[in-house]
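Scroll down for the structure; my scribbles are underneath it.
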Amino acid sequence: MARTLSTRRVFLIGFMGAGKSSVGRALASRLGRQFCDLDQLIEKREGRTVAEIFAEREEAGFRAAETQALEELLQDPAGKGDLVIALGGGTFAQAQNRRALEEAEAITVLLEAPLDELRKRCTADETVRPLAADQERFARLYEERLAAYQMATHKVNTMGKTVEKVAQEIVGILTSMTPESRR
Ligand code: S3P
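Residue numbers (my numbering): 1 to 183.
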């Protein structure tokens with residue numbers, strides 16, 4: 001029997017440094033879909049960088065902008081079924097955002113890695129992350145968010161795997177979904 005892929009939008013979630021954007025791009029390319037990064041969408045809507053939003057409006061201001069951008073994206077029928085989206089590390093930790101994703105029947109895939117590895121990956125890449133500067137806060141946030149992250153519909157351990165390998169595993173997950181959950 002021919003296997004068909006889910007037509008639902010795929011959202012990658014996970015902590016800072018989990019690889020959401022790089023895996024998202026690789027996954028979108030494998031699926032022939034467009035890739036969208038929520039942080040970039042926020043920056044476009046707000047006309048400022050994530051770091052500037054944090055500096056000017058603090059975390060609460062950023063969270064409001066993040067929820068608005070997500071809701072706008074979910075309401076846009078143009079992208080339905082044709083998108084892979086990388087969320088920010090804190091997006092799925094907000095109950096309101098999780099509800100909106102659930103109502104939109106989004107597929108959420110958690111990219112998992114241990115704290116030390118996430119630290120290393122954040123240090124290695126050039127993205128400015130206001131919440132990654134203080135190492136104690138970084139560790140605290142990680143612990144605080146673990147339970148929320150577990151509510152993702154699927155989970156992939158990224159440890160020791162290349163971006164392409166993780167993307168390939170996600171394609172496997174999407175392919176093996178039951179017909180009912182695929183729609
Ligand atoms: C955040 C993660 C960042 C970005 C913002 C806040 C967080 O995205 O949304 O700096 O709260 O974890 P990445 O996870 O892509 O770094």
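Quick reminder that beta carbons are idealized off the backbone N, C-alpha and C, glycines included.
Worksheet item: With burial defined as no fewer than 16 other Cβ atoms inside 10 Å of the residue's Cβ, what is the status of residue 16: buried or exposed?
Response: What you label residue 16 is simply residue 16 of the sequence shown in a count that begins at 1. Residue 16 comes out buried.
Worksheet item: Does ligand 1 have a heavy atom nearer than 8 Å to the CB of residue 91?
Response: Your numbering for residue 91 matches position 91 in the sequence shown. Within the cutoff, so yes.
Discussion item. Suppose you measure from the CA of residue 18 to the CA of residue 8; what does that come to, to the nearest Å?
Written reply: For this step, residue 18 is matched to residue 18 along the sequence shown. For this step, residue 8 is matched to residue 8 along the sequence shown. Taking the straight line joining both Cα atoms gives about 22 Å.
Item to complete: Mind checking who residue 144 pairs with in its DSSP beta bridge?
Response: Translated into the one-based positions of the sequence shown, residue 144 becomes position 144. Beta-bridge pairing links residue 144 to no other residue.
Discussion item. I'd like to know whether the C-beta atoms of residue 12 and residue 87 end up nearer to each other than 9 Å.
Written reply: In the sequence shown, counting from the first residue as 1, residue 12 sits at position 12. In the sequence shown, counting from the first residue as 1, residue 87 sits at position 87. Yes, Cβ-Cβ distance for residue 12 and residue 87 is below 9 Å.
Practice prompt. Please work out which residues of its chain come closer than 7 Å, Cβ to Cβ, to residue 25, disregarding the five sequence neighbours upstream and downstream, and give them in chain order.
Written response: Stepping through the sequence shown from its first residue, residue 25 is reached at position 25. The answer, listed in chain order, is 35.
Discussion item. Are there any heavy atoms of ligand 1 lying less than 8 Å away from the beta-carbon of residue 44, as far as the coordinates show?
Written reply: As a working mapping, residue 44 is identified with position 44 in the sequence shown. No, Cβ of residue 44 sits at least 8 Å from all heavy atoms of ligand 1.
Worksheet item: When DSSP builds the beta bridges, which residues end up paired with residue 11?
Response: The residue given as residue 11 occupies position 11 in the sequence shown. In DSSP, residue 11 forms a bridge with 85 and 108.
Item to complete: Could you confirm whether any beta carbon from chain D is found closer than 9 Å to the beta carbon of residue 127?
Response: Reference to chain D is not applicable here, since this structure consists of a single protein chain.
Practice prompt. Have a look at residue 38 and residue 92 and give me their C-alpha separation to the nearest angstrom.
Written response: On the sequence shown, position 38 is the one that residue 38 refers to. On the sequence shown, position 92 is the one that residue 92 refers to. Using only the alpha carbons, I get a separation of about 12 Å.
Discussion item. Quick check: what's the CA-CA separation for residue 104 versus residue 82?
Written reply: Residue numbering aside, residue 104 sits at position 104 when the sequence shown is read from its first letter. Residue numbering aside, residue 82 sits at position 82 when the sequence shown is read from its first letter. Approximately 14 Å between the Cα atoms of the pair.
Practice prompt. Report yes or no: do the region 59-66 and the region 117-129 share at least 3 C-beta pairs separated by less than 8 Å?
Written response: Contact between the region 59-66 and the region 117-129 is absent: fewer than 3 CB-CB pairs across the two stretches fall below 8 Å.
Item to complete: In the DSSP assignment, find the alpha helix (DSSP H) that holds residue 75 and state where it starts and stops.
Response: Within the sequence shown, numbered from 1, the residue matching residue 75 stands at position 75. 50-75 is the span of the alpha helix (DSSP H), which, as asked, contains residue 75.
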